[in-house]
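Residue numbers (this note's numbering): 203 to 794. Virtual Cβ for every residue (Gly too), placed ideally from N, Cα, C. All figures in this text were calculated on a predicted structure; none of them were measured in a lab.
Now the structure itself:
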């Protein structure tokens, strides 16, 4: 048995996917909102029997390896190694293959893990630990909390970490790629062109959803150089993108899913204090507004968010930008009102009951902005009315749900004493963001989808589709793997068996295509039966073959049209005449 099959046998796909998103039972399968695209109605299905997933909305599908690759942004080699570790399978290294140059993508993570342990050791055992621990304890942090979040200390000095890592046989070039070093521009540092980025700072490791250290946020140590920035962060690297990472998510994701709610705060200390107080569903954006990738990460676990940003202008501006992107992605957002001049960590430290009440009293984001805007203007004054409408329509336009938009539009009209249809007309002209999907090569996507559907129908219902199968010519398939599978089906005497066919195919990708194709059809047939809809596999296959034939004709006609235009442009009348005859012949064949 191959390593891949051994891992798939040990790890259930339902359990694995369930670690990332909320699944609900749907017949013999499981259903969820797709983590790979925005949707309101769940179209993402997982089959324990088939050990695969498929989204009927965006078309993505596969097995546990594909899922982890998509969710974590990994290559196959990395996903294989990660899942092997999870399954307790020792990989046969000689058999691990991946396309492209053999770059060890684990090295940056290893360097950062080693650096984190070194920072931790300095905090608990190093010189000057007393002043750092005293400061953190005075901030209200318990020792076990500091250890849970892996806080550390980078001592003062130009090359402390660099020398440590060099002794561990890591190259300067590798360390630079992690963001731990800065290139020097002065001559005071000898023997190297680089020095430590973090010096005399309290270290807050930033970890990805899997708990791997990808970067740091570093606070100047008490008594340190106050002229430098209070906080500095790891710059953008191959493994750290601040627009994709949420501080504390690796620790909070289970509780977020359990409570069906995420508490979103501004800073690292806010997260740590909130977790210590028992609110383990707290995460942070680390001082900036949310980005779309971060919203997608949250949406994997919940659709409900409570934002507790500072009440100063900068905090409120970040809250507004974050709320906008949450509304665009159809999240339910509430605003937590904090005392002026205090952040979440301050509130928790003073009295965690006050923090609890603040969370319980969170206001719906649109309601919050209504109160804020109406408190700043005179709704009886025509000029102020215009300002109120402008500000609030800019909030309403970001709401993804038309029903919810209509609700708030009606309330705004009532409060302003204006006709709803007038505001509705104005709303259409407010720069609403285009939520339509990016156009892709539609014909190619249609063909690929049809090819998978034909294979699925043939393999899921071999008896019912036996007659139609004779009409399938493998040459009409565009996909290389799909064409190979179709040829295998054509060359199989007697009844086709999906499992036997898979066993005859040596490559993982072909077997995956078979599993996905069958699963998609089985789910469709099951759903049809549950809702008493007619589903005839033979009719479906006949329709697919007809549509595939039409697509091929359209492709040929499009190419001929282009050739005719080129011939006309070149003044080649003979070629034009010949091509037009060919065009007419094709059109006639298509209409048969």
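Exercise. Going by beta carbon distance, what residues of the same chain come within less than 6 Å of residue 704, once the five residues before and after it are set aside?
Worked result: 713 and 716
Exercise. Pick from 437, 425, 424 and 396: whose alpha carbon is nearest that of residue 408?
Worked result: 437
Exercise. Since residue 232 sits in a beta bridge, which residues does DSSP pair it with?
Worked result: 227 and 248
Problem set entry | residue 506 - containing beta strand (DSSP E), residue span | 506-510
Exercise. What number of angstroms, rounded off, separates the C-alpha of residue 519 from the C-alpha of residue 464?
Worked result: 20 Å
For this session: Compute the Euclidean distance between the alpha carbons of residue 255 and residue 211, then round it to the nearest angstrom.
Result: 16 Å
For this session: For residue 285, collect the residues of the same chain with a Cβ closer than 7 Å to its Cβ; drop the 5 residues on either side in sequence, then sort them by chain order.
Result: 209, 213, 266, 267 and 270
Problem set entry | For residue 637, three-class secondary structure by DSSP | With a pLDDT of 45 at residue 637, under the threshold of 50, the modelled position of this residue cannot be trusted; read the value that follows with caution. Coil.
Problem set entry | Residues near residue 372 by beta carbon distance below 7 Å, same chain, minus five either side | 313
Exercise. Which residue's Cα is closest to the Cα of residue 352: 331, 322, 380 and 340?
Worked result: 322
Problem set entry | Where residue 760 falls, given that 16 or more other Cβ within 10 Å makes a residue buried | exposed
Exercise. Nearest CA to the CA of residue 563: which residue from 595, 553, 585 and 508?
Worked result: 508
Exercise. Between residue 412 and the rest of its own chain, which residues show a CB-CB distance below 8 Å, the 5 nearest in sequence each way excluded?
Worked result: 274, 284 and 452
For this session: Out of 365, 378, 743 and 686, state which residue places its alpha-carbon closest to the alpha-carbon of residue 676.
Result: 686
Exercise. With contact counted as at least three CB pairs below 8 Å, one residue from each stretch, are the stretch 684-700 and the stretch 650-660 in contact?
Worked result: yes
Exercise. When you compare only the Cα positions, how much space is there between residue 777 and residue 756?
Worked result: 21 Å
Exercise. Do you know offhand how far residue 317's Cα is from residue 709's?
Worked result: 40 Å
Exercise. Excluding five sequence neighbours on each side, which residues of the same chain lie with their C-beta closer than 8 Å to the C-beta of residue 215?
Worked result: 248, 249, 250, 253, 254, 255, 265, 266 and 269
Exercise. Around the Cβ of residue 578, are there at least 16 other Cβ atoms within 10 angstroms (buried) or fewer (exposed)?
Worked result: exposed
For this session: Could you tell me the boundaries of the alpha helix (DSSP H) in which residue 322 lies?
Result: 309-327
Exercise. Based on the DSSP secondary-structure assignment, which residues constitute the bridge partners of residue 257?
Worked result: 246
Exercise. DSSP three-state call for residue 350: helix, strand or coil?
Worked result: helix
Exercise. By the 10 Å Cβ neighbour count, where 16 or more other Cβ atoms means buried, how is residue 416 classified, buried or exposed?
Worked result: buried
Problem set entry | Supposed contact pair residue 506 and residue 472 - C-beta distance, whole angstroms, cut 8 Å | No, residue 472 and residue 506 are not in contact; Cβ-Cβ is about 19 Å, not under 8 Å.
Exercise. Residue range of the alpha helix (DSSP H) that residue 608 falls in?
Worked result: 604-618
Problem set entry | Sheet register partners of residue 397 (DSSP bridge) | 384
Problem set entry | Limits of the unbroken beta strand (DSSP E) element including residue 433 | 433-435
Exercise. Is residue 486 near residue 420, with beta carbons less than 8 Å apart?
Worked result: no
Exercise. How big is the Cα-Cα spacing for residue 399 and residue 382?
Worked result: 5 Å
Exercise. Would you say residue 229 touches the ligand PLP, meaning its beta carbon is less than 7 Å from a heavy atom?
Worked result: With respect to the ligand PLP, the structure shown offers nothing to examine, as it has no ligands at all.
For this session: To the nearest angstrom, report how far apart residue 730 and residue 753 are at their CA atoms.
Result: 27 Å
Exercise. Given 8 Å as the limit, is there contact between the stretch 607-624 and the stretch 525-537, that is, 3 or more CB pairs closer than that?
Worked result: no
Exercise. Is DSSP giving residue 406 helix, strand or coil here?
Worked result: strand
Problem set entry | residue 477 - DSSP class collapsed to helix/strand/coil | helix
Problem set entry | Euclidean distance between Cα positions of residue 619 and residue 561 | 33 Å
Problem set entry | Residue from 223, 666 and 544 with nearest C-alpha to residue 513 | 544
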